[in-house]
Amino acid sequence: MAGESLKGLREERGWSQGELAAWLNEKLGRKYDRSQVSRWESAAERTPKTVAELVETERGSDRPRHATVVMAGNQKGGTAKTETSLCLAYCLLAQGARVLLVDCDSQGSATVHLGYSPTQIDRMEAERQTLYYALADDRPFTDYILQTSEPRLDLVPAFVSLSDADVELATGKLTTIRHRIGEVRHLYDYIVLDTAPNLGLVTVGALEAADLLLVPVQTESLALVGLRHVLRSLEGLRRRRNPHLEVIGILPTLFSARLTQDKATLEDLWRAYGERYRIYDPIPRATVYGQAAAAGVITLSAVKNVPGRAVFEQVAADVRAAARARKEKKLNVA
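Pasting the structure below:
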């Protein structure tokens, strides 16, 4: 039993056996190694009482959570928004965080990217298990949450039924996304919203629910043509609907350093918005992202040396810092 609990803690935190040994050494002042952890987990060797008690205490501690909600949004398609949402969610899993990814796009891009087949998605739709039905029905929001293959990363799926939600939200027939997310904020550290390439009422509802906004933008000339309108619309909605929303920054995507047009667009982006918004280093265009999507896995999970990994990790670090600052501000106000 102690070995199973030890393994359970390790999997919850996403640690290797060596990382778990290092954590135990820090907590207990010992010099355990990976092989000892392996023997305890397999019950080949009895787990020391002090280790078992520490693990049970750690797993039993119900540390308070209040999720910071992050939205990846841009009303233009083709900006690698879903890839951004998935990679950000993956990076936020560090340090034992629990993350919920909510697919707010009727194309179901995030749901498909996480490996769900058309047959599985059709079944979820037929069984009323997708986001549209979470907004339409009276069941608890937890009923719509699926575990993914990544430890501590859960998903609320979406598909074509969500295309009806804009009209029904306008007439008040559906529960708001903000209300539904409010039901589970205490279960997660971060909630990531992957939105559709439009500013329909589902996307507006996601904007109302979010604490932080990240704007992915493709580094090509046409993308910048509409960016001014996108940011103006988002800022207007923020003032009217969610004045506490913070823009975490603009993330250039699909960048090729070999293309003169991409470099010129990146320079234009800096000139136009660099003084007002944080602009991250660009995410390079790389075939590995498309390959991972086709395989139904998160790119950063499947491949370690992915171009752009450091940028996603920086965005995640900024999200964590913003989350801490928001919580400290609330404590000071209280």
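Residue numbers for the sequence shown follow this note's numbering, beginning at 388 and rising by one.
Note that the Cβ used here is the ideal one computed from N, Cα and C, for glycine as well.
Return yes when the Cβ of T674 is within less than 8 Å of the Cβ of T606, no when it is not. Taking the sequence shown and counting its residues from 1, the one referred to as residue 606 is at position 219. Taking the sequence shown and counting its residues from 1, the one referred to as residue 674 is at position 287. No. Outside cutoff.
Verify whether the separation of the beta carbon atoms of L549 and Y519 is less than 8 Å. Taking the first residue of the sequence shown as position 1, residue 549 is located at position 162. Taking the first residue of the sequence shown as position 1, residue 519 is located at position 132. The Cβ atoms of L549 and Y519 sit closer than 8 Å to each other.
Do T582 and G460 have their C-beta atoms within less than 8 Å of each other? In the sequence shown, the residue the question calls residue 582 occupies position 195. In the sequence shown, the residue the question calls residue 460 occupies position 73. Judged by beta-carbon spacing, G460 lies within the 8 Å limit of T582, meaning their Cβ atoms are closer than that value.
With DSSP collapsed to three states, give me the class of A721. Numbered from 1 along the sequence shown, position 334 holds the residue referred to as residue 721. Since pLDDT at A721 reaches only 47, below the 50 mark, its modelled position is unreliable, and no value is offered.
Which complete beta strand (DSSP E) runs does the stretch 476-511 hold, if anything under 3 residues is left out? DSSP runs (the beta strand (DSSP E)) wholly in the stretch 476-511: 486-491.
Residues sharing a beta bridge with E633, DSSP: The residue given as residue 633 occupies position 246 in the sequence shown. E633 pairs with L599.
In angstroms, rounded to a whole number, what distance separates the CA positions of A481 and L396? Within the sequence shown, numbered from 1, the residue matching residue 481 stands at position 94. Within the sequence shown, numbered from 1, the residue matching residue 396 stands at position 9. The straight-line gap from Cα to Cα measures roughly 14 Å.
What's the call for A610, buried or exposed, on a 16-neighbour Cβ count within 10 Å? Translated into the one-based positions of the sequence shown, residue 610 becomes position 223. That one is buried.
Distance cutoff 8 Å, beta carbons only. Does A476 sit that close to anything in chain B? Absent from the structure is chain B; it holds one protein chain and no more.
Alpha carbon of R526 to alpha carbon of T517, nearest angstrom: Residue 526 sits at position 139 when you count from the first residue of the sequence shown. Residue 517 sits at position 130 when you count from the first residue of the sequence shown. Roughly 12 Å separates the two Cα atoms.
Taking C-alpha atoms, which residue in R663, G401 and R426 lies nearest to R539? Along the sequence shown, one-based indexing puts residue 539 at 152. The shortest Cα separation from R539 among R663, G401 and R426 belongs to G401.
At a threshold of 7 Å, does L396 count as lining the ligand FMN (C-beta to nearest heavy atom)? This structure simply doesn't include the ligand FMN, nor any ligand for that matter.
How far does the alpha helix (DSSP H) with Y519 in it reach, from first residue to last? The residue given as residue 519 occupies position 132 in the sequence shown. Its alpha helix (DSSP H) spans residues L518 to A523.
Under the three-state reduction of DSSP, which class applies to Q534: helix, strand or coil? In the sequence shown, the residue the question calls residue 534 occupies position 147. The three-state reading of DSSP puts Q534 in strand, counting E and B together.
Between A680 and H453, is the Cβ-Cβ spacing less than 8 Å? Indexing the sequence shown from 1 puts residue 680 at position 293. Indexing the sequence shown from 1 puts residue 453 at position 66. In this structure, H453 does not lie closer than 8 Å to A680 by Cβ.
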